[in-house]
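S.K.: After the structure tokens below, expect a handful of questions from me.
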Amino acid sequence: MKTRVVWSAVLVAGLALTGCGAATGPKSSPGGEAGKLVVWDWKSGEASAASYVEKAKADFARKHPGVEVEFVAQPFDQYYTLLGAAIQAGRGPDVILFNGGGQLRDRVDALTPLDGYVADDKQRLAGWEAFSKDGKVYAAPVTLQGHPIYYNKALYEKAALDPARPATTWSQFVADCAALAKAGATCFALGNKEGAGIQFWLSALGSGVLTAQEYDAWIAGRRDWKSPNVRRIFQLWKEAGDAGLNNQGANSTAMFNDSFALFQSGKAAHIIGLMSDVGHWKDFSEFLTADKLGVLDAPVVTPGSTPSLPYDGGIGYGVAKWTKVPKVAADLVRSLTSTEALQAFYQAAGAIAADTTIDVSQGGPAVATIVSRLRTGKPALHVALSSKTLELMGRLSQQLLSGSVTVDEVVKQLAASDQAG
Amino acid sequence: MPTGNAPPSVRPMTTGRTDGARVVRPGGAGARRGRAGPRAERFAPYLLLAPAALVIVVLRLYPLLLGVNFSFTGDGERNGVAVGLDNYLELLRDPLFRTALSNVGLLVLLLPVAVAIPGLLATFIYLRVPGHRLYRSVYFFPGVLSPVIVGAIFNLLLAFDGPFNALLGAVGIDAVDWLGDPGVAMFVVVGVHVWATFGMALVVFLAGFATLDAGLLDAARVDGASLLQVIRHVIVPGLARTIQFVAVTTMIGMLTSMFGLLYVMTSGGPEGSTYLPEYYIWIQQGQMNRPALASAASTVLFLVMLGVGLLQIKLLRRAGRED
Numbered sequence: 001m002k003t004r005v006v007w008s009a010v011l012v013a014g015l016a017l018t019g020c021g022a023a024t025g026p027k028s029s030p031g032g033e034a035g036k037l038v039v040w041d042w043k044s045g046e047a048s049a050a051s052y053v054e055k056a057k058a059d060f061a062r063k064h065p066g067v068e069v070e071f072v073a074q075p076f077d078q079y080y081t082l083l084g085a086a087i088q089a090g091r092g093p094d095v096i097l098f099n100g101g102g103q104l105r106d107r108v109d110a111l112t113p114l115d116g117y118v119a120d121d122k123q124r125l126a127g128w129e130a131f132s133k134d135g136k137v138y139a140a141p142v143t144l145q146g147h148p149i150y151y152n153k154a155l156y157e158k159a160a161l162d163p164a165r166p167a168t169t170w171s172q173f174v175a176d177c178a179a180l181a182k183a184g185a186t187c188f189a190l191g192n193k194e195g196a197g198i199q200f201w202l203s204a205l206g207s208g209v210l211t212a213q214e215y216d217a218w219i220a221g222r223r224d225w226k227s228p229n230v231r232r233i234f235q236l237w238k239e240a241g242d243a244g245l246n247n248q249g250a251n252s253t254a255m256f257n258d259s260f261a262l263f264q265s266g267k268a269a270h271i272i273g274l275m276s277d278v279g280h281w282k283d284f285s286e287f288l289t290a291d292k293l294g295v296l297d298a299p300v301v302t303p304g305s306t307p308s309l310p311y312d313g314g315i316g317y318g319v320a321k322w323t324k325v326p327k328v329a330a331d332l333v334r335s336l337t338s339t340e341a342l343q344a345f346y347q348a349a350g351a352i353a354a355d356t357t358i359d360v361s362q363g364g365p366a367v368a369t370i371v372s373r374l375r376t377g378k379p380a381l382h383v384a385l386s387s388k389t390l391e392l393m394g395r396l397s398q399q400l401l402s403g404s405v406t407v408d409e410v411v412k413q414l415a416a417s418d419q420a421g
Numbered sequence: 001m002p003t004g005n006a007p008p009s010v011r012p013m014t015t016g017r018t019d020g021a022r023v024v025r026p027g028g029a030g031a032r033r034g035r036a037g038p039r040a041e042r043f044a045p046y047l048l049l050a051p052a053a054l055v056i057v058v059l060r061l062y063p064l065l066l067g068v069n070f071s072f073t074g075d076g077e078r079n080g081v082a083v084g085l086d087n088y089l090e091l092l093r094d095p096l097f098r099t100a101l102s103n104v105g106l107l108v109l110l111l112p113v114a115v116a117i118p119g120l121l122a123t124f125i126y127l128r129v130p131g132h133r134l135y136r137s138v139y140f141f142p143g144v145l146s147p148v149i150v151g152a153i154f155n156l157l158l159a160f161d162g163p164f165n166a167l168l169g170a171v172g173i174d175a176v177d178w179l180g181d182p183g184v185a186m187f188v189v190v191g192v193h194v195w196a197t198f199g200m201a202l203v204v205f206l207a208g209f210a211t212l213d214a215g216l217l218d219a220a221r222v223d224g225a226s227l228l229q230v231i232r233h234v235i236v237p238g239l240a241r242t243i244q245f246v247a248v249t250t251m252i253g254m255l256t257s258m259f260g261l262l263y264v265m266t267s268g269g270p271e272g273s274t275y276l277p278e279y280y281i282w283i284q285q286g287q288m289n290r291p292a293l294a295s296a297a298s299t300v301l302f303l304v305m306l307g308v309g310l311l312q313i314k315l316l317r318r319a320g321r322e323d
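Taken in sequence, the protein lines are chains A and B. For what it's worth, the UniProt record's numbering labels the leading residue of the first sequence as 1, then goes sequentially. For what it's worth, the UniProt record's numbering labels the leading residue of the second sequence as 1, then goes sequentially.
This is the structure we're talking about:
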């Protein structure tokens with residue numbers, strides 16, 4: 001017994017004296033293969049992406065008939081771990097699919113800047129910002145991801161509200177919610193179990209609360225947490241919870257996919273959803289029908305603010321630094337973002353494609369509204385925050401709903417976390 | 001004492017092996033072997049121990065050392081740079097990690113309940129309550145379900161608008177947000193964990209009962225002891241070692257295998273109230289991209305487990321001496 005304690009102590013103490021090595025591996029060295037291009041993604045295995053991949057391959061084969069293309073679909077939950085291993089080894093795929101924002105920006109060291117290759121696509125595609133760092137583009141956007149406020153027109157009719165004219169101001173919106181409650185539906189379907197509900201809230205309503213200058217400064221990294229308007233966003237979150245605008249048990253309701261189910265089954269009149277992948281217009285249309293699904297602009301809270309659609313580049317393809325033939329790989333990226341391929345992706349998967357020239361008139365009013373707002377849209381507010389701050393915000397938002405923290409305390413803690421990061 | 005016993009148990013085994021080899025390869029080799037014999041015999045134990053020792057050193061100790069080493073380096077920009085105790089100070093300041101550690105304390109406090117439930121149920125089966133054969137198998141059923149499936153089932157049952165609350169509503173009790181109330185959620189998860197795993201402890205208890213002297217029970221009954229008195233004065237003392245064994249294994253189970261349930265049922269929430277150190281480590285490593293901080297948290301968890309383990313060995317040994 002005593003020897004065991006002594007040995008354990010010696011072991012731990014001995015180790016405590018040193019601090020060398022590194023928890024993540026060393027930087028990579030170049031490698032790669034010519035004559036064949038390997039693409040890594042987590043989409044190409046899905047049935048809804050089959051026609052998209054086919055169109056892109058055909059387009060590329062016309063330009064480079066001699067080059068073989070292989071798509072390797074990785075499981076998404078391990079995607080960035082596997083990619084990290086490839087980056088450390090300095091060899092792996094030539095063309096890589098990324099989520100926009102942090103996931104890409106953390107790994108630009110392993111990517112080739114694409115500015116010279118994709119100049120012709122700059123106007124046609126939207127969402128470049130999420131795939132750029134320090135003024136250089138590292139991937140071309142395929143889809144856009146954002147947070148429209150969807151509403152159920154059938155419930156509006158039931159509550160004797162005009163579905164063609166949803167509320168444009170917050171006070172009007174709250175009044176409508178009272179009418180909807182009388183008709184038996186809660187105002188919002190909210191799933192905040194993962195703490196993601198507040199992220200969607202911040203981004204979807206932010207443009208109606210912050211002034212245009214505040215909004216742009218926030219995105220640019222100059223976030224004024226002392227601004228009364230920033231505080232107002234969290235105040236609204238608490239008020240909505242206290243006033244019973246959300247479904248009950250929001251803190252134990254999973255956003256994916258329990259809150260979506262609440263909206264789809266007509267138990268809630270509004271939901272802040274997504275534009276692509278899941279919880280988007282195509283999913284909702286299947287249950288509510290496309291005619292009864294609408295998208296409304298953020299209700300104006302602060303007079304003078306201009307509501308805009310919050311969205312960023314969703315996923316996009318980049319070219320690895322170690323590829324032997326960056327020009328050919330970049331051409332493959334261009335094929336993967338061609339209008340024809342993206343049109344197929346939009347039709348099969350319901351993704352809002354980065355190509356703004358795609359005709360969406362057959363998709364119903366919701367998708368038409370979303371696409372019409374792309375031109376004036378802005379990057380989402382929560383995407384600008386670090387994952388550490390987002391995690392904290394998730395926990396604090398749950399405390400706000402349960403009433404165990406004040407709004408001032410929340411803003412104070414978030415400011416500290418944001419400024420530390 | 002394991003160390004005291006080791007040499008005699010090794011010696012006969014190695015001689016046994018060399019004898020076997022002699023049978024397979026007879027002839028001239030035998031003469032040489034006669035000279036090399038004592039030396040071969042001296043090295044044989046080390047050779048035989050080598051595979052097990054190598055597995056432990058390469059796959060257990062070395063990664064452990066690496067992990068402790070990493071915990072003194074930085075993350076991100078400071079990757080690979082020695083940062084001293086920075087990671088540990090950050091852990092100390094992080095309310096989430098403090099919650100995780102205090103939840104470990106809560107688990108220790110809840111241990112008697114987790115042991116008493118299978119013990120009590122095993123007692124009823126032993127005393128042959130009506131239907132005890134059925135219960136014996138039914139109690140073990142949850143033990144074969146994976147934590148993820150158990151979690152998913154209870155997610156449905158305990159949802160705010162789920163059947164459990166509907167049942168409460170039917171008898172006029174207000175709905176409880178079982179997984180959304182920070183004061184309740186941890187107890188719910190522990191309760192579900194106990195439900196899912198008590199079958200194994202029950203089997204151990206039943207095995208313990210098999211060694212119990214039935215004559216003592218009969219004597220107590222003849223003397224007119226009530227059920228409670230029988231449990232208190234006959235069954236519990238007779239099962240002391242079984243109870244200790246179940247306590248140790250249950251504690252280890254609660255500390256190491258609740259990740260799946262937490263992941264599925266609460267994701268550490270609400271308000272971070274159901275964090276355990278292993279969940280914290282996973283979040284820091286997988287979500288926050290902070291491997292060095294996660295290494296530091298792992299080291300702290302290792303020390304906690306070391307402490308709990310040593311304490312339990314001590315308790316078990318003391319109990320062994322009493323017998």
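Ideal placement from N, C-alpha and C gives every residue a C-beta, glycine not left out.
Verify the CB distance criterion: does G249 (chain A) have a CB-CB separation below 8 Å to chain B?
M.R.: Yes, because at least one Cβ of chain B sits closer than 8 Å to the Cβ of G249 (chain A).
S.K.: Less than 6 Å between C-beta atoms, sequence neighbours within five positions excluded: which residues of the same chain meet that for G151 (chain B)?
M.R.: Excluding residues within five positions, the ones whose Cβ falls inside 6 Å are L261, V264 and M265.
S.K.: Taking the alpha-carbon positions, what's the L396 (chain A) to D94 (chain B) distance?
M.R.: Rounded to the nearest angstrom, the two C-alpha atoms are 14 Å apart.
S.K.: DSSP on S132 (chain A), reduced to helix/strand/coil?
M.R.: Strand, per DSSP.
S.K.: Using a Cβ cut-off of 8 Å (strictly closer), state whether V23 (chain B) contacts chain A.
M.R.: Per-residue confidence for V23 (chain B) stands at a pLDDT of 44, beneath the threshold of 50, marking its modelled position as unreliable; the derived number appears in the next sentence. No, V23 (chain B) does not count as interfacial toward chain A.
S.K.: Checking the sheet assignment: what are the DSSP bridge partners for T143 (chain A)?
M.R.: For T143 (chain A), which the question treats as bridged, DSSP gives the partners A:A353.
S.K.: Count the other CB atoms, across all protein chains shown, that sit within 10 Å of the CB of I96 (chain A); report buried if there are 16 or more and exposed otherwise.
M.R.: That one is buried.
S.K.: Considering only their Cβ atoms, is the gap separating M275 (chain A) from I352 (chain A) smaller than 8 Å?
M.R.: Yes, they are a contact pair.
S.K.: Measure the C-alpha to C-alpha separation of F131 (chain A) and K378 (chain A) and round it to an integer number of angstroms.
M.R.: Roughly 15 Å between the two C-alpha positions.
S.K.: Could you check whether the Cβ of G266 (chain A) sits closer than 8 Å to any Cβ belonging to chain B?
M.R.: Cβ-Cβ to chain B under 8 Å: no for G266 (chain A).
S.K.: I'd like to confirm the pairing. Which residues does DSSP put opposite W40 (chain A) in its beta bridges?
M.R.: According to DSSP, W40 (chain A) bridges with A:V72 and A:I96.
S.K.: Mind pulling the chain A residues with CB within less than 8 Å of M288 (chain B)?
M.R.: Those are S387, K388 and E391, listed as they occur along chain A.
S.K.: Roughly how many angstroms separate the alpha carbons of V194 (chain B) and M200 (chain B), rounded to a whole number?
M.R.: The alpha-carbon atoms of V194 (chain B) and M200 (chain B) are separated by roughly 10 Å.
S.K.: How far does the beta strand (DSSP E) with L227 (chain B) in it extend, from its first residue to its last?
M.R.: No beta strand (DSSP E) holds L227 (chain B); the alpha helix (DSSP H) holding it covers L227 to V230.
S.K.: Give the residues of chain B in contact with Q398 (chain A), contact being defined as C-beta atoms less than 7 Å apart.
M.R.: By Cβ distance, chain B contributes G269, P270 and E271.
S.K.: Would you kindly check if the distance between the Cβ of W225 (chain A) and the Cβ of A349 (chain A) is under 8 Å?
M.R.: Not closer than 8 Å, so no.
S.K.: So, is the C-beta of A100 (chain B) closer than 8 Å to a C-beta in chain A?
M.R.: A100 (chain B) does not count as touching chain A.
S.K.: I'd like the list of long-range same chain contacts for S146 (chain B), defined as Cβ closer than 8 Å, with 5 residues on each side in sequence excluded.
M.R.: The residues are G260.
S.K.: Hey, is D177 (chain B)'s beta-carbon within less than 8 Å of any beta-carbon in chain A?
M.R.: So, interface residue.
S.K.: Straight-line CA distance for F234 (chain A) to T186 (chain A)?
M.R.: Straight-line Cα distance between these residues: approximately 20 Å.
S.K.: Extract the residue ranges of the alpha helix (DSSP H) inside the region 250-306 of chain A, only unbroken runs of 4 or more that lie entirely within it.
M.R.: Whole alpha helix (DSSP H) segments, 4+ residues: 260-264 and 281-288.
S.K.: Find out if the Cβ-Cβ distance for the pair N251 (chain A), Q398 (chain A) is shorter than 8 Å.
M.R.: Yes. Within cutoff.
S.K.: Suppose you measure from the CA of L381 (chain A) to the CA of Y62 (chain B); what does that come to, to the nearest Å?
M.R.: Going from the Cα of L381 (chain A) to the Cα of Y62 (chain B) covers about 44 Å.
S.K.: Does the distance from the CB of G146 (chain A) to the CB of P310 (chain A) come in under 8 Å?
M.R.: Yes; because the gap between Cβ atoms is below 8 Å, this pair is in contact.
S.K.: Between B:L101, B:P182 and B:L202, which lies nearest to Y280 (chain B) when the distance is taken from Cα to Cα?
M.R.: When each option's Cα is compared against that of Y280 (chain B), the closest is B:L101.
S.K.: If you drop the 5 nearest sequence neighbours on each side, which residues of the same chain put their C-beta closer than 7 Å to that of R136 (chain B)?
M.R.: Once the five neighbours on either side are set aside, the close Cβ partners of R136 (chain B) are I125.
S.K.: For the region 356-365 of chain A and the region 73-89 of chain A, state whether three or more C-beta atom pairs, one from each stretch, are separated by less than 8 Å.
M.R.: They do not touch, by the three-pair rule.
S.K.: Within 10 angstroms of its Cβ, does P299 (chain A) collect 16 or more other Cβ (buried), or is it exposed?
M.R.: The residue is buried, with at least 16 neighbouring Cβ atoms inside 10 Å.
S.K.: Can you list, in chain order, the residues of its chain with a C-beta nearer than 6 Å to that of Y52 (chain A)? Leave out the 5 residues immediately preceding and following it.
M.R.: Result list for Y52 (chain A): A341, A344 and F345, in chain order.
S.K.: Determine which residues of the region 128-160 of chain B have a Cβ less than 9 Å from any Cβ of chain A, and write them out in chain order.
M.R.: Here the close residues are N155, L158, A159 and F160.
S.K.: Using 8 Å as the limit for Cβ to Cβ distance, is E409 (chain A) near chain B?
M.R.: Output row for E409 (chain A): interface = no.
S.K.: Using 10 angstroms around the beta-carbon of E409 (chain A), count the other beta-carbons present and answer buried if the total reaches 16, otherwise exposed.
M.R.: Exposed, because fewer than 16 other Cβ atoms sit within 10 Å of the Cβ of E409 (chain A).
S.K.: P291 (chain B) to L91 (chain B), Cα distance in whole Å?
M.R.: One C-alpha to the other measures close to 13 Å.
S.K.: When we look at the beta-carbon of I149 (chain A) and count the other beta-carbons within 10 Å, is it buried (16 or more) or exposed?
M.R.: Per the 10 Å Cβ criterion, buried.
S.K.: Exposed or buried, V246 (chain B), counting other C-beta atoms within 10 Å across all chains shown (16 or more means buried)?
M.R.: It is buried - the Cβ of V246 (chain B) has at least 16 other Cβ atoms within 10 Å.
S.K.: Counting contacts by CB-CB distance shorter than 8 Å, is P63 (chain B) in contact with chain A?
M.R.: P63 (chain B) does not count as touching chain A.
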